[in-house]
Every structure is written in structure tokens, then in C-alpha cells.
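Q: The opening position of the sequence shown corresponds to residue 4 in our numbering, with each subsequent residue numbered one higher.
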Amino acid sequence: MSYAELFRAFLPEIALTLGALVVLGFDLATGRGKDTAARLRPAVFIGMLALVAALYGSINAGIGSTVFGGVFSLDALTLAARLGVILLAWLTLGLLNDVVTLRHPAEYVAILLLATAGFTLMAGAQQLLVAFLALELASLSLYVLAGWDKSSPQSAEAALKYFLFGAMSAAFLLFGFSLLYGATGSIDLPVIAIHLSLQGMTPLVVVALAMIIVGFGYKAAAAPFHLWAPDAYQGAPASSAALIASASKLAGFALFLRLLWPGLGFTAGRISELPLVVGWTPMVALLALASLLVGNFGALAQSNVRRLLAYSAIAHAGAMLLGVVAAGRAGPGPVFYYAATYGLATVGCFGVVAIVERAGRCQDLTDLAGLYRRSPLLAGCLAVFVLSLAGVPPLAGFFGKFSVFASALKLSGLNGPVGWLTLAAIALSAVGLYYYLLILKQALVAAPKENAATKIAVPVQAGLALLIASALIVLFGLFPSKILQLFG
4 MSYAELFRAF LPEIALTLGA LVVLGFDLAT GRGKDTAARL RPAVFIGMLA
54 LVAALYGSIN AGIGSTVFGG VFSLDALTLA ARLGVILLAW LTLGLLNDVV
104 TLRHPAEYVA ILLLATAGFT LMAGAQQLLV AFLALELASL SLYVLAGWDK
154 SSPQSAEAAL KYFLFGAMSA AFLLFGFSLL YGATGSIDLP VIAIHLSLQG
204 MTPLVVVALA MIIVGFGYKA AAAPFHLWAP DAYQGAPASS AALIASASKL
254 AGFALFLRLL WPGLGFTAGR ISELPLVVGW TPMVALLALA SLLVGNFGAL
304 AQSNVRRLLA YSAIAHAGAM LLGVVAAGRA GPGPVFYYAA TYGLATVGCF
354 GVVAIVERAG RCQDLTDLAG LYRRSPLLAG CLAVFVLSLA GVPPLAGFFG
404 KFSVFASALK LSGLNGPVGW LTLAAIALSA VGLYYYLLIL KQALVAAPKE
454 NAATKIAVPV QAGLALLIAS ALIVLFGLFP SKILQLFG
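1. Which same chain residues, not among the five before or five after residue 351, have their C-beta less than 7 Å away from its C-beta?
2. Going straight from the alpha carbon of residue 151 to that of residue 234, what length do you get?
3. Looking only at DSSP bridge pairs, what is residue 249 linked to?
4. Determine the DSSP secondary structure at residue 273, reduced to helix, strand or coil.
5. If we call anything under 7 Å between Cβ atoms a contact, is residue 407 one with residue 415?
6. Any idea if residue 341 is buried or exposed, counting beta-carbon neighbours within 10 angstroms, 16 or more meaning buried?
7. Given that a residue counts as buried once 16 or more other Cβ atoms are within 10 Å of its Cβ, and exposed if not, what is residue 205?
8. How is residue 205 classed by DSSP in three states: helix, strand or coil?
9. Restricting to Cα atoms, I'd like to know which of 125, 22, 160 and 221 is closest to residue 239.
10. Helix, strand or coil, according to DSSP, for residue 71 in the structure here?
11. Quick one: any contact between the stretch 215–232 and the stretch 175–185, if contact means 3 or more CB pairs under 8 Å?
12. Roughly how many whole angstroms lie between the Cα atoms of residue 329 and residue 410?
13. When you compare the CB of residue 189 with every CB in chain C, is at least one pair closer than 7 Å?
14. Tell whether a beta-carbon distance below 7 Å holds between residue 84 and residue 27.
15. Looking at residue 264 and residue 212, is the spacing between their C-beta atoms short of 7 Å?
16. On a CA-only basis, which of 462, 182, 241 and 314 is nearest residue 381? Give me that one, please.
17. Grouping DSSP H, G and I as helix and E and B as strand, with all else coil, what is residue 129?
18. What span of residues does the alpha helix (DSSP H) with residue 152 cover, start to end?
19. Let me check one thing: in DSSP terms, what residues is residue 280 bridge-paired to?
20. Buried or exposed: which applies to residue 15, given that a residue is buried once 16 or more other Cβ atoms fall within 10 Å of its Cβ?
21. Which same chain residues end up closer than 7 Å to residue 5 when comparing Cβ atoms and leaving out the 5 residues on each side of it in sequence?
22. Is the stretch 472–491 in contact with the stretch 344–362, if contact means three or more CB pairs nearer than 8 Å?
23. In whole angstroms, what separates the C-alpha of residue 310 from that of residue 302?
24. For residue 423, which residues from the same chain have a beta carbon less than 8 Å from its beta carbon, with the 5 sequence-adjacent residues on both sides left out?
Here you go:
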């Protein structure tokens, strides 16, 4: 492979890394003595240019074969995941304009770009070592972003819990990778697949699979490995929480799909009908069921907006894991569509929370009371985001759930464990609709608090980001086949 081809394949990561360096250098050269707002504007502008360059690089790389000795794949999943995480990072940057108390803005933008570089590498990793390094690049960046608000004890607590749980999950994941290497003698996914097809399930492989799924369960905030998520979502700055909940989840599930089906597909086992066959699909199905139950019923008890969104994320992780089980037959399209549309809605929700916080306080559900009077724009955008999360047609969230549930039912219909799990997921979606309507009740029906600001000023840049996210949710809901066609 020539250096020109290598440069073309990794242009998104190069653009993001150079963007991070330029942000730091420009701030060091021109930002001394200026206030935070004056330093934030050029940092955000340079960061957005770097993301646009990365977007162009992703499209220009196209869809081809593996590169760099087979450690990175340029396929439809890589292209779609790259475009998705770059778009979500761009929207997150657009919401930074309203964070006037952000300290060290250039460093914040630089670390956000490095996290995005980790996400784009995760999307196409074909080797265990590259996958782990990309995952840790993204994770270490997110740990820092979660604890960025040094004036808030809750932010420090969020970062500490996120870091401790993340470090534990990295240990499980790396130990599982090492056992998998010991069982197959390779860290390349295609070679691992060949060895597993010949030797089948062994006790060592079973332990390796359990370790890997535990590690990814932590990263995806799937029950029972979800305990860090509510505190991290509540304490982190709104923009950091948005990135953790959206782009991180999209890139993580893209990597999870690539690892499990092309790499470990011969150890999937059987869950479509009884009796079950030992493999990773029964393990993932159990995580999916636990996440659906814990996420939906846990959200019912929440009065804090951010913690409610965290338990909502746990429930959505369960639905995506159900799509992972069905991806062997349906392909990665339904899971990607679900994760991408969920990410758009979540970024939008945290964007609204950030702007309301700027005007006063936005912790409890009652802090959203009368939002339709205080800012019709924020209330309208929030309605689109929340209804999409609830799965109300014709918004994109409905078709995300529909595609995942339909792909799962194609395995064995309503007979067998997958069919029963799908029915449970559909029934629990009704529970989710209830707590999402609680948010809309406060924002669209309840009267404003007496001490609340009469009007909320929406920064132009943040308002534009919210409108773009809302428009994309409506557009993807009207034309879902356009996204799914990327995967054939």
C-alpha cells in the first residue's frame, strides 16, 4: 500500500488530530489575556473546520477493502459510523457557544476532537489491538470532558465514577482479548474467525467471550453494568454528557457489531429456538432484557432530567443489543440507524438542557415548566427530540425501533426466546412513552415557575444546531430507506 492511499484512508483522523493541535496553538498565540467567551469562538470555529475536513475525508475514502495490512476496513459500516460520529460531534460543538463559564475552551475543543478521532478509528478496526487503542483514546478523552467543570463537585464525582468503571471495563475487555489471542494465536479478526470455525467453542473461548461482553456492557451502559451512567450524565457538563450519550454509543456499537459477527460469528451459539446453544448471543440477549427492564422502570422513579435521560439510555442500549443479536441475518443497518437517530435526539435534549441551565437552573423536571412560553423554539425542538426517543411516528425514532424489532422477529417469529424478548421490548416501549410524556407535560402544558426567567435567549449557533438536529430526525423518519440503503 502506498503512502498516498494510507493518507487517504486515514484522512479523517489526520484532520481531527491536526485540528486539535491548531486549536491549542492558536489559543496559545492569541488567547492570552482574553476572556473565556473570546477564546471559545475561534476554538469552536477551528474545531468545526476540522470536523468538516474529516467529513470530506470520510466521503473521499469511499468504500473499498481493508487497508494498512488488513487492520482497518473501509466498508459501508465504517463510512456510515464515521459520518455519524462526526455529525454528532459537530452538533455538540455547536452547543458550546452557550457555555459561557467553560474554562480552558481551546483544551476542551481539542480533547473533543481527539475523542472523535478515537470514534472514527473504532468504526473500522479489524484488529483487536487497534480496536482497544481506539476505544481507550476515546474513553480517556471522555473521562476528562466529564470532569471539566472544576467548580462543580458533581462533575468531579461524575468523572471519577466514569473513570473507575471505565478502567474496570478496559481490564475485562483486554483480558478477554488476551484469552482470545491465546485460543486462536492471532489478533486479526478474519484470522480469528477462521480458527474459531475450525476449533469451535472451548472453555477458554467461553471465558474470553464472557470477559469481552462484560467489557462492552460497561461501555454501552447496559444493565447490570450501568451504575456509572446516571451520575455521569447528571454531573458532567451538558455538552460532555451529549457526546458520551450519542457519538460514544454509536461508535461503540459499530465496533461491537464488527467484533461479534465477522470476528466471533462462529461462536454466536443459538437463541432463535429452544434448546439454546452456548455462545455469545444468549449472553447479549440477557444483557438486553436486563437493560430494558432496569432502564424503563428505573426512569419512572426519576425527577431529575439528566438521570431520566441516563435511564432512558440504558433502555435504548437494551434495544440496540437486541438488534446486535439479529445482525447476523439482518446486517448492521438496523442497529446503526437506531443508534444514529437516538444520538441525534439525545444531543438535542442535552442541548436544550444546556441552554435552559444558562438562563437559570435545569435539574428537576419542574425546571422545564412553561418552556413553551419562555422559548417556543426550545419547546418545539424538545418535543421533536423526546417524541423521537419515545418512538412516535413519523419521527426517526419510530423507524429505528421498528427496524430493530422487525429484524429480531425475522429470526424465528414470535416463537422462541428472541420472539419473546422482542415482545417484551415492545411492551416496555409503552412504559417509556409514559416517562417521556412527563417531560413534555412540563415543557408544553405546565405553567412557568414564579421565579423562572420570563424569556430564554437562545444563542444563534446553538439554535441552529438544535434546528439541524430536529430537521434530520424528521428527514430520517420520512426517508429511512435512504440510510438503510448504505448497507445494501
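By construction, the Cβ of each residue, glycine as well, lies at the ideal position given by its N, Cα and C atoms. Note that the coordinates shown come from a computational prediction; the quantities given were computed from them, not determined experimentally.
A: According to the structure data:
1. On the sequence shown, position 348 is the one that residue 351 refers to. 384, 388, 469, 472 and 473, listed in sequence order.
2. By 1-based counting over the sequence shown, the position of residue 151 is 148. By 1-based counting over the sequence shown, the position of residue 234 is 231. For residue 151 and residue 234, the distance between alpha carbons rounds to 15 Å.
3. Within the sequence shown, numbered from 1, the residue matching residue 249 stands at position 246. Bridge partners of residue 249: none, in fact.
4. If you number the sequence shown from 1, residue 273 lands on position 270. It is a strand residue.
5. Taking the first residue of the sequence shown as 1, we reach residue 407 at position 404. Taking the first residue of the sequence shown as 1, we reach residue 415 at position 412. Not in contact: residue 407 and residue 415 (Cβ atoms no closer than 7 Å).
6. Indexing the sequence shown from 1 puts residue 341 at position 338. So residue 341 ends up on the buried side.
7. Here residue 205 is taken as the residue at index 202 of the sequence shown, counted from 1. When all chains shown are included, residue 205 counts as exposed.
8. Within the sequence shown, residue 205 is the residue found at index 202, counting from 1. Residue 205 falls in the coil class under three-state DSSP.
9. Mapped onto the sequence shown, residue 239 falls at position 236. Of the candidates 125, 22, 160 and 221, the one whose C-alpha sits nearest the C-alpha of residue 239 is 160.
10. Looking up residue 71 in the sequence shown gives position 68. Here residue 71 sits in coil by DSSP.
11. yes
12. Within the sequence shown, residue 329 is the residue found at index 326, counting from 1. Within the sequence shown, residue 410 is the residue found at index 407, counting from 1. Rounded to the nearest angstrom, the two C-alpha atoms are 6 Å apart.
13. In the structure shown, chain C cannot be found, because there is only a single protein chain.
14. In the sequence shown, residue 84 corresponds to position 81, counting from 1. In the sequence shown, residue 27 corresponds to position 24, counting from 1. Result no, Cβ atoms of residue 84 and residue 27 do not sit closer than 7 Å.
15. Reading the sequence shown from its first residue, position 209 is the one you call residue 212. Reading the sequence shown from its first residue, position 261 is the one you call residue 264. Not closer than 7 Å, so no.
16. The residue labelled residue 381 in the question sits at position 378 within the sequence shown. With distances taken between Cα atoms, residue 381 lies closest to 462.
17. By 1-based counting over the sequence shown, the position of residue 129 is 126. If DSSP states are grouped into helix, strand and coil, residue 129 belongs with coil.
18. Position 149 of the sequence shown, counting from 1, holds the residue named residue 152. That residue, residue 152, is in no alpha helix (DSSP H); it is neither H nor E in DSSP.
19. Here residue 280 is taken as the residue at index 277 of the sequence shown, counted from 1. Answer is 273, bridged to residue 280.
20. Along the sequence shown, read from residue 1 onward, the residue named residue 15 stands at position 12. Residue 15 comes out buried.
21. The residue labelled residue 5 in the question sits at position 2 within the sequence shown. None.
22. yes
23. As a first step, residue 310 must be located in the sequence shown, where it is residue number 307. As a first step, residue 302 must be located in the sequence shown, where it is residue number 299. Going from the Cα of residue 310 to the Cα of residue 302 covers about 8 Å.
24. Stepping through the sequence shown from its first residue, residue 423 is reached at position 420. The residues are 417.
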